[in-house]
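Peer 1:
Numbering (the working numbering), first residue to last: 39 to 217.
In structure tokens form, the structure reads like this:
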């Protein structure tokens with residue numbers, strides 16, 4: 039049975055960033071994700087981009103993604119918030135000398151940088167194209183049985199599967215939803 043400090047279900051942007059950050063602090067993790075890396079890195083997979091605010095961008099730099107993301111982002115020079123159904127707007131503009139409010143990155147570039155960083159992280163055991171068939175909690179942690187038949191164990195479980203998280207649903211955590 040493979041053991042780690044944390045079991046992270048979901049190896050997307052959040053789960054993989056967490057595993058890389060934990061590695062830098064000597065904390066081991068097993069990351070389980072059902073996605074096929076070749077598919078999610080393909081140009082045709084996901085045309086979305088993410089706005090990374092200045093503080094989270096510093097976090098990505100702190101976990102070693104600077105070189106992998108160099109030249110891939112577009113600075114956010116201003117932000118306007120409005121509701122098409124109501125009058126009014128809110129503008130955010132940086133003060134002189136503050137720099138950009140954040141940076142826009144294609145999700146594919148973020149995924150590639152995080153996957154590369156996770157491969158370099160010796161304490162991050164990332165398992166793509168893998169599913170946790172069952173998750174059992176006890177007083178000392180969590181045990182998961184994978185679709186390979188292997189059992190993994192950790193002291194703590196993190197659900198990072200995204201907006202339709204089965205881990206969150208199993209924990210009966212409420213979330214606010216907008217349509």
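Cβ coordinates follow ideal geometry from the N, Cα and C atoms, glycine included.
How far does the alpha helix (DSSP H) with residue 164 in it reach, from first residue to last?
Peer 2: As a working mapping, residue 164 is identified with position 126 in the chain shown. Careful: residue 164 lies outside any alpha helix (DSSP H), inside the beta strand (DSSP E) at 162 to 165.
Peer 1: Can you list, in chain order, the stretches of the beta strand (DSSP E) that have 3 or more residues and sit fully within the segment 100 to 144?
Peer 2: 112 to 114, 117 to 120, 127 to 130 and 140 to 144
Peer 1: Count the other C-beta atoms from every protein chain shown that fall within 10 angstroms of the C-beta of residue 212, then say buried if there are 16 or more, exposed otherwise.
Peer 2: Mapped onto the chain shown, residue 212 falls at position 174. Classification for residue 212: exposed.
Peer 1: Classify residue 187 as helix, strand or coil using the three-state DSSP reduction.
Peer 2: Position 149 of the chain shown, counting from 1, holds the residue named residue 187. Coil at residue 187, not helix or strand.
Peer 1: Residue 78 by DSSP, collapsed to three states: which one?
Peer 2: Start at 1 with the first residue of the chain shown, and residue 78 comes out as number 40. Residue state for residue 78 is assigned as helix, using DSSP reduced to three classes.
Peer 1: Once you ignore the five residues that flank residue 114 on each side, which residues in its own chain have a CB closer than 7 Å to its CB?
Peer 2: Translated into the one-based positions of the chain shown, residue 114 becomes position 76. Closer than 7 Å at Cβ, skipping near neighbours: 89, 138, 139, 140, 141 and 142.
Peer 1: Once you ignore the five residues that flank residue 102 on each side, which residues in its own chain have a CB closer than 6 Å to its CB?
Peer 2: Counting from one through the chain shown, the residue named residue 102 turns up at place 64. Excluding sequence neighbours, residue 102 sits near 155.
Peer 1: Going by the beta-carbon positions, is the gap between residue 70 and residue 165 smaller than 7 Å?
Peer 2: The residue given as residue 70 occupies position 32 in the chain shown. The residue given as residue 165 occupies position 127 in the chain shown. Contact: yes.
Peer 1: Rank 196, 207 and 200 by C-alpha distance to the C-alpha of residue 43 and give the top, closest one.
Peer 2: Counting from 1 along the chain shown, the entry for residue 43 is found at position 5. Selected option, being the one with the closest Cα: 196.
Peer 1: As a quick exercise: from 193, 53, 127 and 150, pick the residue whose alpha carbon is nearest that of residue 76.
Peer 2: Taking the first residue of the chain shown as position 1, residue 76 is located at position 38. When each option's Cα is compared against that of residue 76, the closest is 150.
Peer 1: If we ignore side chains and look at the alpha-carbon of each, how far apart do residue 47 and residue 63 end up?
Peer 2: If you number the chain shown from 1, residue 47 lands on position 9. If you number the chain shown from 1, residue 63 lands on position 25. Going by the C-alpha atoms only, they are around 20 Å apart.
Peer 1: With 16 other CB atoms within 10 Å as the buried threshold, where does residue 171 fall?
Peer 2: Start at 1 with the first residue of the chain shown, and residue 171 comes out as number 133. So residue 171 ends up on the exposed side.
Peer 1: Can you tell me which of the three DSSP states residue 40 falls into?
Peer 2: Position 2 of the chain shown, counted from the first residue, corresponds to residue 40. Reduced to three states, the DSSP call for residue 40 is strand.
Peer 1: Measure the CB-CB distance between residue 169 and residue 147 and report whether it falls below 7 Å.
Peer 2: Counted from its first residue, the chain shown places residue 169 at position 131. Counted from its first residue, the chain shown places residue 147 at position 109. Their beta carbons are not under 7 Å apart, which means residue 169 does not touch residue 147 by this criterion.
Peer 1: CA-CA distance, residue 159 and residue 131?
Peer 2: Start at 1 with the first residue of the chain shown, and residue 159 comes out as number 121. Start at 1 with the first residue of the chain shown, and residue 131 comes out as number 93. Between the C-alpha atoms of residue 159 and residue 131 there is a straight-line separation of about 37 Å.
Peer 1: Can you list, in chain order, the residues of its chain whose CB lies under 7 Å from that of residue 65, leaving out five sequence neighbours each side?
Peer 2: As a first step, residue 65 is located in the chain shown; it is residue number 27 there, counting from the start. When the five nearest sequence neighbours on each side are left out, the beta carbons in the same chain lying within less than 7 Å of the beta carbon of residue 65 are those of 43, 44 and 161, in order along the chain.
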